[in-house]
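**Q**
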Amino acid sequence: MKPNPEIRRIYKKLLKLHGPQGWWPLLSCAGCNPTKTGSMTGYHPHEYDWPKTERDRFEICIGTVLTQNTAWPNVEKALRNLDDAGLIGCDSLLSTPEQKLAERIRPAGYFNQKAGYLKNLAAFLDKKGSGFSRAELLAVKGIGDETADSILLYAFGRPTFVVDAYTKRIFSALGLIDGSWKYREIKELFEVSLPEDVVVFQEYHALIVEHAKMFYSKKRSRDPANTHDLSTEK
DNA sequence: TTCCAGGCAATAC
DNA sequence: GTATTGCATGGA
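If you're matching positions, the first sequence starts at 215 in this note's numbering and goes up one per residue.
This is how it looks when you write it as structure tokens:
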């Protein structure tokens, strides 16, 4: 696939527009940047040495599952419930009955399914540590393309691009992709068009989410003047 | 009350 | 391979 220079141009524009995002949000980083859309706390702009502990790495992994088709504030509630119960850790999570776990993560929705997914993922990580491939991660029931890439990029700092519903929405609107593009193709478009840089991949995905929440939300009227039109050059 | 949100797996063609 | 469906809460 050929690089598309528009991908880089839009990255620069988003960065200028919104500034560094400091993903992935973490409970232990509460208060770092209290003004972000969709969540009160947990972001760490300008700091790229997160996660700093195994516990935080595990929290990110859990969060990627909990946020599947779910608004982030609901995920935060579930994470706090887990934290209060000391369940953000492989051992404690694995030794907790699935039904108890489901009750803790109820605010995140699909809690019965996700309780099983979390167990599967925890067992996988407990066994593999950090020595696993994307394909192995995808073989875990409950881990699809986006969740796998989020875990790899944000929890383990591997240079793999995350594609989500917002990415498809924005870049379809810009005419750079269309509905026929599959996950792998969109992912490849970004990866061949950008430097292979974990920080760039992390920030770009986060910026896409931030921008989409502001201007491409289905339930919010879009700015008719659209002063933040990404298709405008510069 | 209805619609939406940082998907995924199972099933049906 | 592509399309459809179930899974579920909390906020707008």
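The C-beta atom is built at its ideal place from N, Cα and C for all residues, glycine as well.
Can you tell which of Lys396, Ile319, Arg320, Asp305 has its C-alpha closest to the C-alpha of Phe338?
**A** Numbered from its first residue, the first sequence carries residue 338 at position 124. Here the closest residue by C-alpha is Asp305.
**Q** Is there contact between the segment 264-276 and the segment 226-233, where contact requires at least three CB pairs shorter than 8 Å?
**A** Flag = no, the segment 264-276 and the segment 226-233 do not touch.
**Q** How many whole angstroms separate the CB atoms of Ala322 and Val354, which I take to be in contact at a CB cut-off of 8 Å?
**A** One-based indexing of the first sequence puts residue 322 at position 108. One-based indexing of the first sequence puts residue 354 at position 140. In fact, because the Cβ distance is near 18 Å, the residues do not count as touching under 8 Å.
**Q** What does a CB cutoff of less than 6 Å around Ile365 pick up in its chain, not counting 5 residues either side in sequence?
**A** Looking up residue 365 in the first sequence gives position 151. The answer, listed in chain order, is Cys275, Thr278.
**Q** Going by beta-carbon coordinates alone, are His425 and Phe375 separated by less than 8 Å?
**A** Within the first sequence, numbered from 1, the residue matching residue 425 stands at position 211. Within the first sequence, numbered from 1, the residue matching residue 375 stands at position 161. Not in contact: His425 and Phe375 (Cβ atoms no closer than 8 Å).
**Q** Run the CB neighbour count on Pro438, radius 10 Å, all protein chains shown included, and call it buried at 16 or more, exposed below.
**A** Position 224 of the first sequence, counting from 1, holds the residue named residue 438. With a pLDDT of only 43 at Pro438, under the threshold of 50, the placement of this residue in the model should not be trusted; the figure read from the coordinates follows. Looking at its Cβ environment, which holds fewer than 16 other Cβ atoms inside 10 Å, Pro438 is exposed.
**Q** Hey, Ile171 and Tyr380 are a contact pair by Cβ (cut 8 Å); roughly how many whole angstroms apart?
**A** Nothing about residue 171 can be read from this structure; the chain reaches only from 215 to 448.
**Q** Just the C-alpha distance for Asn218 and Trp395, rounded to the nearest angstrom, thanks.
**A** Along the first sequence, one-based indexing puts residue 218 at 4. Along the first sequence, one-based indexing puts residue 395 at 181. About 15 Å.
**Q** Would Met215 pass as a contact of Glu402 if the rule is Cβ separation under 8 Å?
**A** Start at 1 with the first residue of the first sequence, and residue 215 comes out as number 1. Start at 1 with the first residue of the first sequence, and residue 402 comes out as number 188. Going by C-beta atoms, Met215 is nearer than 8 Å to Glu402.
**Q** From Ser386 to Tyr430, what does the alpha carbon distance come to, in whole angstroms?
**A** Here residue 386 refers to the residue found at position 172 of the first sequence. Here residue 430 refers to the residue found at position 216 of the first sequence. So the two alpha carbons sit approximately 11 Å from each other.
**Q** Does DSSP classify Ile365 as helix, strand or coil?
**A** Counted from its first residue, the first sequence places residue 365 at position 151. If DSSP states are grouped into helix, strand and coil, Ile365 belongs with the helices.
**Q** Quick one: what's got a C-beta closer than 6 Å to Asn295's C-beta in the same chain, skipping five residues either side?
**A** In the first sequence, the residue the question calls residue 295 occupies position 81. Same-chain partners within the cutoff: Arg318.
**Q** Is it the case that the Cβ atoms of Leu293 and Lys333 are separated by a distance below 8 Å?
**A** Within the first sequence, numbered from 1, the residue matching residue 293 stands at position 79. Within the first sequence, numbered from 1, the residue matching residue 333 stands at position 119. Against a cut-off of 8 Å, the Cβ pair of Lys333 and Leu293 comes out as no contact.
**Q** For Leu388, which residues of its own chain have a beta-carbon under 8 Å away from its beta-carbon, when the five flanking residues on both sides are left out?
**A** The sequence position of residue 388 within the first sequence is 174, counting from 1. Closer than 8 Å at Cβ, skipping near neighbours: Glu220, Ile224, Leu444, Ser445.
**Q** With the cut-off set at 8 Å, would you say Glu417 and Pro373 are in Cβ contact?
**A** For this step, residue 417 is matched to residue 203 along the first sequence. For this step, residue 373 is matched to residue 159 along the first sequence. For Glu417 and Pro373, no; Cβs fall outside 8 Å.
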